[in-house]
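*Asks:* So that we are looking at the same thing, I have put the structure below in structure tokens.
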Amino acid sequence: MYQAVMIAAAILLLPVPAAAGVSHQQIEQHFRNQAEQAGIPTAGKELEDIRRALHDWKEAKREETIVQTAERYGISRDGKRMEQVIDEIRTAKEQRLVQAAQQAGIAVDGKNVHELAEELEAHVRAK
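In terms of our numbering, the sequence shown has 869 at position 36, counting the first letter as 1, and numbering is strictly consecutive.
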């Protein structure tokens, strides 16, 4: 019995390179697929380079979305950091939500943005 327990313990402690390799391959394939869908060439590139390029692409898309949203709300980006623009967008969205809620006859005092949005949505559905 003791010998069987020792053998089982020894087997559990052995590394499993095949499983680790499959996992790494799956991760690499995942990032390669994402990059290719984004139009980023992956042939002959290391995983680290692919992930970096994918990250840069996602950041550029995020920034593009922020810029478009800022333009939609009439927010100037001149000399501002992205975080400042994002804060101004949030404030503008909040103000529009409050105005819409007030126009719908919804009391806004003491309610957060999510509560107002839910009430406004329920109000619109009820019409």
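Backbone N, C-alpha and C define an ideal beta-carbon position, used for all residues, glycine too.
Every value quoted in this text rests on a predicted model; they were computed, and no experiment measured them.
In whole angstroms, what separates the C-alpha of Ala-934 from that of Lys-891?
*Replies:* In this structure, the straight-line span from the alpha carbon of Ala-934 to that of Lys-891 is close to 34 Å.
*Asks:* Should Val-918 go down as buried or exposed, given a rule of 16 or more other Cβ atoms within 10 Å for buried?
*Replies:* Burial call: buried.
*Asks:* Evaluate Ala-959 with the Cβ neighbour count: other Cβ atoms within 10 Å of its Cβ, from every protein chain shown; 16 or more gives buried, anything less gives exposed.
*Replies:* exposed
*Asks:* Touch check for the stretch 922-929 and the stretch 901-910: three-plus C-beta pairs under 8 Å?
*Replies:* yes
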